[in-house]
Amino acid sequence: MAASLRLLVRRLARLSHRSITSAAANVSWRSGCCLGPSSSRCLSDAAEDRSTHFGFETVSEAEKAKRVYKVFENVAQKYDIMNDAMSLGVHRLWKDILLHAMHPQPGARLLDVAGGTGDISFRFLDYVNYQQERQKRRATGSSQSLSWQDISDKYPEEDRPQESRAVVCDINKEMLKVGKQRADSMGIISGVSWVVGDAEELPFDDDQFDIYTIAFGIRNVTHINQALLEAFRVLKPGGRFMCLEFSKVTNPVLASLYDAYSFQVIPVLGEVIAGDWKSYQYLVESIRKFPDQEEFKGMIEDAGFCCVQYFNFTGGVVALHSGFKL
Amino acid sequence: MLKNVLSRLVRETVRVHRHVSAAPSIQTLTGCRVSVRSFAEVKDEVQPPFDSSLLEVLVCPLSKKPLRYDANTNELINEELGIAYPIVDGIPNMIPQEARLLQKDTQTPSTPSE
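One line per chain: the protein sequences are A and H, in this order. For the record, in the first sequence the residue sitting at position 95 is 95 according to full-length UniProt numbering, with numbers rising by one throughout. For the record, in the second sequence the residue sitting at position 71 is 71 according to full-length UniProt numbering, with numbers rising by one throughout.
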């Protein structure tokens, strides 16, 4: 039994190895030659001269931004369906766990960067509304001995200062359009605002938000450190930075299964459902290029955040990084 | 025969209810409905109203100074730098590269000093 299992694992590893070695070979010689030019460049050079990765390709930084924009422009309409298909619906659980870890209270202000279709923001609003109702119920329950007048007087006082709001910021107009349509169809009229903005240059003043989230978006940002610095800037002191992102799977068996699934199944799904093989090829490649849990934790600490920790979900497929601005 | 008709009616309504309660399908169904609605909005030539509460949080990404909302051109204006950010479909576009340089013949005499 163990022998046949080992055979199966070995065959799977060979399968994924075949697709990965060709890609890995590209990575090794490309990363070698792009290290040279980037280290010799100084600050003031144009973005066209500095090179970075776009999936397993090497491109200039300006080009990366453009190509990432195109990817999401193409996939915007089918984005939510593809998420469900690729993760078999598990992405909903990941986002729910993010909300529970966040535990926002009524009156909190959320900035959802790379929020696109609004998954996190809608969950945020549901959560705070539920919390608000719970608080109201508790308040009226405890004040049963008061007169009716006192109870009804309490209500308007509670509602006004507890205005929670979510701002969805994304660099891509198409994704925001889809998100706004979803909000309209769900009947959400207030509480969510939509802004087109660059995560590296946020159009918000300092010390504005209680919570900053970026779910499955930061690996697409050209300068991750810049985005982290901006996150630090716009958060209030005591604010929380939370980042959900695909990360490194530690278990080798799971890793080879995951790689096989990523490179064999996901682009095919992309072609069948969204009619776009290349975009989904980029998406799975970009996951491999993103730093692992510890390295990303170091980057967040460098940006100034304290008490940085990460939680692995699904064996490390997804990691939730959290830090505080203190 | 009446029983057959009634049972078919019930089945149809149950099916509709099931469709309504199933969340994923709602998005695709109401997606088409929403586009019809927005068609009607576009007919009036009125953009979906810009959420002015956003003005409290929005600043120019370059200078981090507050912006002025211009209802005529539906833009957010940074007078200091002389640029205007467009608002499309009620969503302000705060990407600096997409901002419009204000012409020198507007009321603000200060020239943009970049």
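Glycine residues also receive a C-beta, built at the ideal position from the N, C-alpha and C atoms.
- When beta bridges are read from the DSSP output, Ala319(A) appears opposite Glu245(A) and Asn312(A).
- With a cut-off of 8 Å on Cβ pairs, the segment 47-67 of chain A is in contact with the segment 280-299 of chain A, counting three or more such pairs.
- Beta-bridge pairing by DSSP links Pro106(A) to no other residue.
- Restricting attention to Ala101(A), Phe209(A) and His321(A), the CA atom closest to the CA of Leu235(A) is found in Phe209(A).
- Assigned with DSSP and collapsed to three states, Ile214(A) falls in strand.
- Excluding its 5 nearest sequence neighbours in each direction, Val317(A) has C-beta neighbours in its own chain below 7 Å: Phe246, Val249 and Tyr258, listed in chain order.
- Short of 8 Å from the beta carbon of Glu200(A), and not among the five residues preceding or following it, lie these beta carbons of its own chain, in chain order: Val221, Thr222, His223, Gln226, Ala227 and Glu230.
- By a beta-carbon distance limit of 8 Å, Asp276(A) contacts Val75(A). Their separation comes to about 6 Å.
- The beta carbon of His91(A) is closer than 6 Å to those of Asn83 in its chain, skipping five residues each way along the sequence.
- Asn251(A) sits exposed, since fewer than 16 C-beta atoms from the chains shown fall within 10 Å of its C-beta.
- Taking 8 Å as the CB threshold, Leu55(H) stays off the interface with chain A.
- Straight across, the Cα-Cα distance linking Ala166(A) with Leu125(A) is about 8 Å.
- Among the residues facing chain H, Ser193(A) is included, as its CB has a counterpart in that chain under 8 Å away.
- By the neighbour-count criterion, in which a residue is buried when 16 or more other Cβ atoms sit within 10 angstroms of its Cβ, Ala108(A) is buried.
- Under the Cβ criterion of 8 Å, Asn74(H) is not counted among the residues facing chain A.
- A distance below 6 Å between beta-carbons, with the five flanking residues on each side excluded, links Pro86(H) to the following residues of its chain, in chain order: Glu75 and Asn93.
- Contact with chain A is absent for Asp70(H), since none of that chain's Cβ atoms lies less than 8 Å from the residue's Cβ.
- Asn93(H) reaches chain A at Lys173 and Val196, counting residues in chain order whose Cβ is nearer than 8 Å.
- Taking 8 Å as the CB threshold, Lys3(H) stays off the interface with chain A.
- Among the CB atoms of chain A, none fall inside 8 Å of the CB of Leu6(H).
- Approximately 7 Å separates the beta-carbon atoms of Val88(H) and Lys173(A); this is inside 8 Å, confirming the contact.
- Excluding its 5 nearest sequence neighbours in each direction, Asn78(H) has C-beta neighbours in its own chain below 7 Å: Cys60, Ser63, Lys65 and Leu67, listed in chain order.
- Every beta strand (DSSP E) stretch that sits fully inside the segment 233-311 of chain A and reaches 3 residues is listed by chain position as 235-246.
- Annotated three-state conformation of Phe324(A) is strand, per DSSP.
- Taking Leu55(H) as reference, the option from Gly90(H), Gly82(H) and Arg100(H) with the minimal CA-CA separation is Gly90(H).
- In the three-state reduction of the DSSP assignment, Ser190(A) falls in the coil class.
- Within chain H, no C-beta atom comes nearer than 8 Å to that of Lys64(A); the closest sits roughly 15 Å away.
- Interface residue (Cβ-Cβ distance to chain H less than 8 Å): Leu176(A) is classified as such.
- Counting C-beta atoms within 10 angstroms of its own C-beta, Ala274(A) has 16 or more neighbours from the protein chains shown and is therefore classed as buried.
- Taking a beta-carbon distance threshold of 8 Å, Asp126(A) does not count as an interface residue toward chain H.
- Beta-bridge partners of Phe209(A) (DSSP): Leu235(A).
- Less than 8 Å divides the Cβ of Lys95(A) from the Cβ of Ile120(A).
- In terms of Cβ geometry, Gly197(A) and Ile171(A) form a close pair [threshold 8 Å].
- Going by DSSP, Ala76(A) is part of no alpha helix (DSSP H) at all; its letter is neither H nor E.
- If you draw a straight line from the Cα of Ile300(A) to the Cα of Cys306(A), it comes to about 9 Å.
- The alpha carbon of Tyr212(A) has as its nearest neighbour, out of Arg219(A), Trp194(A) and Arg233(A), the alpha carbon of Arg233(A).
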